[in-house]
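Residue numbers (full-length UniProt numbering): 1 to 164. Each residue gets a CB set at the ideal place from its N, CA and C atoms; glycine is no exception. Taking it in order: structure first as structure tokens, then the write-up.
So, in structure tokens, the structure goes:
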């Protein structure tokens, strides 16, 4: 499968204080909390868990800014390839993507699939993609319960792109 994307600057838009519309994309494994993270950002229950396709929801903040959030299906859950899902999300983000939120759950260890996601993003968009990535860890209550810190959780298993 071959994708013809223009330059990364055509897809990823530098954050500007003048632009009153921001688009965020949530990606990660099923069950990591992408939909819940999106609902928290939007401050409403807009996304349902177990999303089977890319979905766009938006909210307007008090200052009139619009926040678009694109929720994705759990990667590795369906027959479509990761690249196809990422391309679908790009189509929903017609005015560019301001950040990609990579959602991990501390209830599970980093998987090989999650490392593949990070590699695919770098392949599709170039190494500067990490400048647009926000890493989100869900399930912090689990760490508290086990008396662990985030550093304990990340430990030696941390994928290389996250070490930046």
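query: Which same chain residues end up closer than 8 Å to residue 42 when comparing Cβ atoms and leaving out the 5 residues on each side of it in sequence?; result: 57, 58, 59, 67 and 69
query: Let me know if residue 133 comes out buried or exposed under the rule of 16 or more other beta-carbons within 10 Å of its beta-carbon.; result: buried
query: Report the rounded CA-to-CA distance for residue 97 versus residue 112, giving the unit in angstroms.; result: 26 Å
query: Would you say the segment 99-114 touches the segment 30-41, given that touching needs at least three Cβ pairs under 8 Å?; result: yes
query: Candidates 39, 95 and 116: which alpha carbon is nearest residue 22's?; result: 95
query: Which same chain residues end up closer than 6 Å to residue 65 when comparing Cβ atoms and leaving out the 5 residues on each side of it in sequence?; result: 20
query: Suppose only complete runs of 3+ residues qualify. What are the beta strand (DSSP E) ranges in the UniProt domain "AIG1-type G" (19-164), listed by chain order?; result: 21-28, 55-60, 66-71, 99-105 and 133-138
query: Near residue 99, which residues of its chain fall below 6 Å by C-beta distance, leaving aside the five closest residues on each side in sequence?; result: 24, 132 and 134
query: Check the Cβ-Cβ distances between residue 128 and every residue of chain D, and say whether any is below 8 Å.; result: No chain D appears in the structure shown, which is made up of a single protein chain.
query: Are there 16 or more other CB atoms within 10 angstroms of the CB of residue 49, so buried, or fewer, so exposed?; result: exposed
query: Give me, in chain order, the residues of the same chain whose beta-carbon lies closer than 8 Å to that of residue 53; leave out the 5 immediate sequence neighbours on both sides.; result: 73 and 88
query: Skipping 5 residues on each side, what residues in its chain have a beta carbon closer than 8 Å to that of residue 44?; result: 59
query: Please determine, among 114, 93, 102 and 90, the residue with the shortest C-alpha to C-alpha distance to residue 35.; result: 102
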